[in-house]
Amino acid sequence: MEKIRYVLRALADLFFPRCCAVCGDSLRLREKHLCTCCLAEMPYTYFWKYPNNPVEQAFVGRSYVQVGCSLIYYTDSYRAMIHQLKYNSNVEIGLWLGQMLGERLSERLIKENIHFTLHCNSSLQVFRMKNFFQHFIC
Numbered sequence: 014m015e016k017i018r019y020v021l022r023a024l025a026d027l028f029f030p031r032c033c034a035v036c037g038d039s040l041r042l043r044e045k046h047l048c049t050c051c052l053a054e055m056p057y058t059y060f061w062k063y064p065n066n067p068v069e070q071a072f073v074g075r076s077y078v079q080v081g082c083s084l085i086y087y088t089d090s091y092r093a094m095i096h097q098l099k100y101n102s103n104v105e106i107g108l109w110l111g112q113m114l115g116e117r118l119s120e121r122l123i124k125e126n127i128h129f130t131l132h133c134n135s136s137l138q139v140f141r142m143k144n145f146f147q148h149f150i151c
């Protein structure tokens with residue numbers, strides 16, 4: 014089954030090549046969304062490791078937030094990846110980034126014994142009114 018999937022992916026890449034969301038180079042068979050070089054150079058913030066990081070400080074006095082963090086710095090080269098998520102409705106990149114952040118953030122949440130709920134309004138009417146793709150993902 015694995016070999017069949019591998020051959021089908023290779024055939025699909027031959028006719029419809031997948032491109033890196035950052036640099037635009039062709040992706041290899043085992044790569045997903047980003048090429049190995051762009052993934053290795055991803056500008057992680059590491060805010061999930063530190064309490065009182067800049068994201069949490071931005072909410073002080075505005076709202077009660079126990080933990081706040083961001084996965085990457087918004088640099089020029091990685092702007093294209095976020096643009097694909099937000100404006101080109103690329104759900105897969107959003108889910109992939111969310112999974113990466115969730116894996117990293119879970120260590121801190123378990124260590125600090127923090128329980129949380131996420132509120133997402135998945136109404137299509139709200140999606141159309143606000144034109145935010147993020148509401149549709151939830």
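If you count by the working numbering, then the sequence shown holds residues 14 to 151, one letter each, in order.
Each residue gets a CB set at the ideal place from its N, CA and C atoms; glycine is no exception.
What do you reckon, are the CB atoms on N103 and A34 nearer than 9 Å? In the sequence shown, the residue the question calls residue 103 occupies position 90. In the sequence shown, the residue the question calls residue 34 occupies position 21. For N103 and A34, yes; Cβs fall inside 9 Å.
So, with DSSP's three-state summary, where would you put Y87? Within the sequence shown, numbered from 1, the residue matching residue 87 stands at position 74. Residue state, collapsed to three classes: coil.
Using CA coordinates, which residue listed in A25, P56 and E54 is at the minimum distance from R41? Reading the sequence shown from its first residue, position 28 is the one you call residue 41. Closest by alpha carbon: A25.
Which residue spans inside the region 49–125 form an unbroken alpha helix (DSSP H) run of at least 4? 49–53, 67–71, 92–100 and 104–124
What are the start and end residues of the alpha helix (DSSP H) that includes D38? Taking the first residue of the sequence shown as position 1, residue 38 is located at position 25. No alpha helix (DSSP H) contains D38, which DSSP labels as neither H nor E.
Pairwise C-alpha distance: R121 and V80: Numbered from 1 along the sequence shown, position 67 holds the residue referred to as residue 80. Numbered from 1 along the sequence shown, position 108 holds the residue referred to as residue 121. When rounded, the distance between both Cα atoms is 9 Å.
Is it right to say I17 is buried, meaning 16 or more other beta carbons lie within 10 angstroms of its own, or is it exposed? Residue mapping note: residue 17 aligns to position 4 of the sequence shown, counting from 1. Using a 10 angstroms sphere on the CB of I17, the tally of other CB atoms stays under 16, which defines it as exposed.
Please report the residue range of the alpha helix (DSSP H) in which R18 lies. Locating residue 18 in the sequence shown gives position 5, where the first residue counts as 1. E15 to F28 is the extent of the alpha helix (DSSP H) around R18.
In whole angstroms, what separates the C-alpha of P30 from that of S39? The residue given as residue 30 occupies position 17 in the sequence shown. The residue given as residue 39 occupies position 26 in the sequence shown. Between P30 and S39, the C-alpha separation is close to 7 Å.
Given this structure, state the Cα-to-Cα distance separating C82 from S76, to the nearest angstrom. Residue mapping note: residue 82 aligns to position 69 of the sequence shown, counting from 1. Residue mapping note: residue 76 aligns to position 63 of the sequence shown, counting from 1. Distance between the alpha carbons of C82 and S76: 15 Å.
Buried or exposed, going by whether 16 or more other CB atoms sit within 10 Å of the CB of F28? In the sequence shown, the residue the question calls residue 28 occupies position 15. With fewer than 16 Cβ atoms within 10 Å of its Cβ, F28 is classed as exposed.
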